[in-house]
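Read the structure below first, then the notes.
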Amino acid sequence: MKMKESKKHLLQHLQHQKSSFTSNKREFQILQEIIPQLNGKNHVSKTTVIEETVKYIETLQKVLKERLSSPDQNTSSSSTINEGINDSFDNSIIDSISNSSGIDLHQLILSSCLLKAGLKILRRREQRLHLKRIRKSLRQ
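Below, the structure written as structure tokens:
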């Protein structure tokens, strides 16, 4: 009896992992559509999606910091922005941001969500590896 329950539990776990994998794939597709450097490109690796997402977030932070520190803005607000921004970024990202109406709260929230999604994707990658180990043990 315990063997059946154990197998049932493992099958439920596999089903849950499969739905997580599908959700993970969807999140990568959404990220790829949001990031200007990746939008419209086919066959982009997950690593590239994460790297470009991080670059895009850093660029948003840099542009926001520059706009907050401009003479017509309150400079005390700029101290809340992360100081460790990487200067290696693609200028086309800056151009696309600069051509917009400006950085607002919505874009700041978007960058935060992108970072959270990237971290969630990395956790799901670990879950997928765990799922493979479970499947392998079921076959034995």
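Residue numbers for the sequence shown follow the UniProt record's numbering, beginning at 1 and rising by one.
All C-beta atoms, glycine included, are put in the ideal place defined by N, C-alpha and C.
In this text the structure is predicted, and so the values were computed from the model without any measurement.
Can you name the start and end residues of the alpha helix (DSSP H) that residue i belongs to?
i   : result
L60 : 46-68
Going by DSSP in three states, residue i sits in which element: helix, strand or coil?
i    : result
K4   : helix
N24  : helix
L131 : helix
K41  : coil
I35  : coil
When the Cα atoms are used, what is the spatial distance from residue i to residue j?
i    : j    : result
L31  : E58  : 15 Å
Q29  : T48  : 12 Å
H16  : V63  : 40 Å
I44  : L38  : It should be noted that the sequence gives Val, not Ile, for residue 44. Distance between the alpha carbons of V44 and L38: 8 Å.
S23  : R128 : 12 Å
I121 : E27  : 8 Å
E126 : S70  : 43 Å
R133 : E5   : 19 Å
E51  : L14  : 29 Å
M40  : E33  : Just to set this straight, residue 40 is Gly in the shown sequence, not Met. Roughly 7 Å separates the two Cα atoms.
K7   : K136 : 14 Å
Leaving out five residues before and five after residue i in sequence, what residues of the same chain have Cβ atoms less than 7 Å from its Cβ?
i   : result
N42 : none
Would you check whether the ligand ATP has a heavy atom nearer than 7 Å to the C-beta of residue i?
i   : result
H16 : This structure lacks the ligand ATP, and indeed carries no ligand of any kind.
Mind reading off the beta-carbon distance from residue i to residue j? Whole number of angstroms is fine, and I expect it under 8 Å.
i    : j   : result
L138 : L10 : 6 Å
R124 : S19 : Their Cβ separation, rounded to whole angstroms, is 11 Å, which puts R124 and S19 out of contact at 8 Å.
Apart from the five residues just before and just after residue i, which ones in its own chain have a Cβ nearer than 8 Å to its Cβ?
i    : result
K46  : F28, I121, R125
A117 : E27, I30, L31, T53
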